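Protein chains in written order, with my numbering: chain A, 1 to 115; chain B, 1 to 116.
No residue lacks a Cβ here, since even glycine has one placed at the ideal position from N, Cα and C.
Note that the structure is a prediction, hence the values are computed from the model and not measured.
Pasting the structure below:
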C-alpha cells in the first residue's frame, strides 16, 4: 500500500481562482516532505521542501502547509494561471535513510487551469 | 551545466528489441537515480548509484534491465527484449551526498519509451 496518498486525483479550475491539493502520508519516522510540479512530458521540478519543524512554506503563488501530528500536507495555489496546469506530486522521506530510493512518491494530482 | 540531461527524449521500439537510454547528471553530483513513471502515477524507484557503485536496485528491475555508471559520471539504462509493459517515462535524477549533507535531487526531462 502506498504510504503517500494524494487527493483529489484531478481537478479543473478557472484561471484566477485558488485551489488546494491534499497529501496524507503514513511514512514514519518522518523526515521531510516535498511538493513537485511536473509538466506533461517533463521531469518533476521541486516547489517546496519542509521538515517536521516547519508548518508552512511559500514559493511565489504556491504555499505548502504541513501538520506532522496528523501527517497531512496541503499545497495551495493562489490566483491560478494557465501555466499551473500540471501534475503536483507529494514526496515524503523518513529519517532512516538519506537515499532518494527510499522516498515515497504520491501518484500526483492533475490540475487543469482553464481560461 | 544546465541540469540533468537525458537522451533520447522519445523512443519507439518494437517488442523484443533492446533499448538504451543515457543520463548526464549535474556535473558535481555524485548520486544518480533512475525512476520509471507510468501515466497517472508517481515515479517508481528503479536503482541508484553513488559515483560508479550501484548501491541499490528495486525488485521492479527485472533481469532484462541493467544500469551502469562506469566512470561515475553519465549513466546508461538498458532494457533487453522489451515488452509492451515497459512502455513508460524513464526519469533520471541526481544529487550530491556527503555524510549528512545532501542536496536536493534534480530530475531530467525523461525518456518516453513506447513499445509497439
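- Secondary structure note for residue 34/A: its beta strand (DSSP E) is the uninterrupted segment 30 to 38.
- Boundaries of the beta strand (DSSP E) harbouring residue 46/A: 45 to 51, taken from the DSSP string.
- The C-beta distance from residue 109/A to residue 47/A rounds to 13 Å, too long to fall under 8 Å, and the pair is not in contact.
- For residue 107/B, a Cβ of chain A is located within less than 7 Å of the residue's own Cβ.
- Among the residues facing chain A, residue 99/B is not included, as its CB has no counterpart in that chain under 7 Å away.
- Think of a sphere of 8 Å around the beta carbon of residue 110/B: the chain A residues whose beta carbon falls inside it are 41, 42, 43, in chain order.
- Distance from residue 89/B to residue 112/B at the Cβ level is roughly 5 Å; contact confirmed, criterion being Cβ atoms closer than 8 Å.
- In this structure, the straight-line span from the alpha carbon of residue 104/A to that of residue 6/B is close to 23 Å.
- Sequence-distant Cβ neighbours of residue 39/A in its own chain, meaning closer than 7 Å and more than five residues away, are 86.
- Shown here, residue 7/B sits in a strand according to DSSP, grouped into three states.
- Secondary structure note for residue 84/B: it is in no beta strand (DSSP E), with a DSSP letter that is neither H nor E.
- Contact between the segment 90 to 100 of chain B and the segment 29 to 44 of chain B is established, with three or more Cβ pairs separated by less than 8 Å.
- In the three-state reduction of the DSSP assignment, residue 11/A falls in the strand class, which pools E and B.
- Within the segment 43 to 78 of chain B, the complete beta strand (DSSP E) segments at least 3 residues long are 44 to 50, 53 to 57, 65 to 68, listed from N- to C-terminus.
- Secondary structure at residue 83/A: helix, using DSSP grouped into helix, strand and coil.
- Its chain contains 77, 78, 79 as the residues whose beta carbon lies nearer than 7 Å to that of residue 61/A, once the 5 sequence neighbours on both sides are disregarded; these appear in chain order.
- Around residue 91/B, the same chain offers 35, 37, 43, 107, 108, 110 as residues with beta carbons nearer than 7 Å, after the five sequence neighbours per side are excluded.
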